[in-house]
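Contents: one structure, followed by commentary.
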Amino acid sequence: MALPTRKIGSDDVPIPGLGAMGMSGWYAGWGDTERNIATLKAAWELGCRFWDTADIYGDKRMWENEELIGQALKECNIPRKDIFLATKFGNWQNEDGSRVINGKPEYVKAACERSLKALGTDYIDLYYQHRVDKNTPIEETMGALKELQEAGKIRYVGISECSADTLRRANKVVKIAAVQIEYSLWETGPETNGLFDACKELGIAFVAYSPLGRGLISGSVKSRADLTPADNRWKHPRFSEENFPKNVELVEELAKLAKQKGVTPAQLAIAWVHAQWDGILAIPGTTRVERLKENLGSLKVTITPAEMAEIRKILDSFPRAGTRYPEAMMKDVNV
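Now the structure itself:
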């Protein structure tokens, strides 16, 4: 089944993509290998062939998620050329759970080699700097990525959670093909912080992660009781005891509109993201085939100008409560 496409570099990449993070236990209880491989196989068969991962994604250690994707490619006999594969580096997790942001050139090259091994491939389609290293000039990091590109180890260069200024600096060293930032009905920061404008100006694709509000918009999380301390969302301010009830109000209003249209909240949310401009590619995550099919159903959803205005009114009436990450992690976004 052929899905509609949008450009990343010169490639026509199918939308929506598939965010694989949750398949490796990032959210508690999601690390069922057999089920996840079945979902990846179904994604391939259904034409959902833009897959997103990172070396830090894993339940107990790094590279688990990359290895899962490599395993699926091999076990399901999926031709490597069929998948537009994106991964990330630079957000290192130590054994004690602490994180180190590293953009030093020697680290960039070593991280790429490790990801190639985990994925079982000899090239990466899109390689992102996961978080910007404040202690390493962006020009040095981009220089290393340019060398990897020239060596054929990566096809395109991307940056995640950068500022518009950093993006412009990076793009002077090597052509940036894509930026990955959180964007959804629940998080519209890129509209006002200059990133949308910079991407449009420079011809850079915008990859929207967490388009379903980390499960809140889709209804997979209905209350804080649905989470456990082992779930990363447990520590996020928007899921706190104080803020969760306030944020649910927004979701309930959006769900009413979705019901009126005869679609699911998830389908409305993904369609809304894609409707903002033709340079956006959403990468909703799921571990289940039925949810994957539901997400692909967003392609049949049309949002009228009147409905767009109604959605904006809802967003303005129900401002999000709490930051999207804990304080320590907020220091590493929009850098």
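Going by UniProt numbering, the sequence shown opens with residue 1, and the numbers climb by one from there.
Heads up, the beta-carbon is just placed ideally off N, CA and C, and yes, glycines get one too.
Residue i - DSSP class collapsed to helix/strand/coil
i: Arg99; result: strand
i: Ser160; result: strand
i: Leu18; result: strand
i: Ala208; result: strand
i: Ala151; result: coil
i: Arg49; result: coil
i: Lys293; result: helix
i: Ile124; result: strand
i: Gly219; result: coil
i: Asp226; result: helix
i: Gln129; result: strand
i: Asp12; result: strand
i: Gly285; result: strand
Residue i CB to nearest heavy atom of the ligand HEM below 6 Å
i: Glu66; result: This structure does not include the ligand HEM; it has no bound ligands of any sort.
Sub-7 Å separation of residue i and residue j beta-carbons
i: Gln71; j: Tyr128; result: no
i: residue 336; j: Glu294; result: Given a span of 1 to 335 for the chain in the structure shown, any question on residue 336 remains unanswerable.
i: Phe196; j: Leu250; result: no
i: Arg233; j: Asn247; result: no
i: Thr87; j: Ser115; result: yes
i: Ile159; j: Ala144; result: no
i: Ala225; j: Gly194; result: no
i: Gly19; j: Gly285; result: yes
i: Leu148; j: Val207; result: no
i: Thr166; j: Ile138; result: yes
i: Arg99; j: Glu187; result: no
i: Ala177; j: Tyr156; result: yes
i: Ile217; j: Ala269; result: yes
i: Gly120; j: Asn243; result: no
i: Ser24; j: Glu64; result: yes
i: Lys153; j: Cys112; result: yes
Residue range of the unbroken alpha helix (DSSP H) whose run includes residue i
i: Ser317; result: 305-317
i: Gln260; result: 244-261
i: Lys109; result: 105-119
i: Ile8; result: From DSSP, Ile8 is part of no alpha helix (DSSP H) but of the beta strand (DSSP E) over 5-8.
i: Gly70; result: 64-75
i: Ala328; result: 327-330
i: Ile270; result: 265-275
Cα-Cα separation, residue i to residue j
i: Arg131; j: Gly213; result: 20 Å
i: Ala151; j: Ala118; result: 19 Å
i: Ala258; j: Asn77; result: 38 Å
i: Gly17; j: Arg80; result: 16 Å
i: Phe50; j: Ile69; result: 12 Å
i: Phe89; j: Thr53; result: 10 Å
i: Asp59; j: Asn94; result: 13 Å
i: Asp11; j: Ala2; result: 15 Å
i: Thr302; j: Trp44; result: 25 Å
i: Met62; j: Ile56; result: 5 Å
i: Tyr183; j: Lys104; result: 28 Å
i: Ile283; j: Gln276; result: 15 Å
i: Val289; j: Gln260; result: 25 Å
i: Pro326; j: Asp332; result: 11 Å
i: Gly262; j: Lys134; result: 46 Å
i: Ser240; j: Val221; result: 13 Å
i: Lys172; j: Glu201; result: 13 Å
i: Ala271; j: Lys7; result: 17 Å
i: Ala308; j: Glu106; result: For clarity, residue 308 is Met in the given sequence; the question names Ala instead. Approximately 47 Å, taken between the alpha carbons.
i: Lys256; j: Pro305; result: 18 Å
i: Asn334; j: Gly297; result: 32 Å
i: Asp122; j: Ile101; result: 25 Å
i: Asn36; j: Thr192; result: 36 Å
i: Thr39; j: Leu73; result: 12 Å
i: Val174; j: Gly9; result: 12 Å
N- and C-terminal bounds of the beta strand (DSSP E) containing residue i
i: Leu281; result: 280-282
i: Phe89; result: 84-89
Minimum Cβ-Cβ distance from residue i to chain C less than 7 Å
i: Ala170; result: As a matter of chain content, chain C is missing from the structure shown, which is built from one protein chain.
Identify every run of the beta strand (DSSP E) within the stretch 169-206, keeping only runs that are complete inside it and at least 3 residues long; order them along the chain. 176-182
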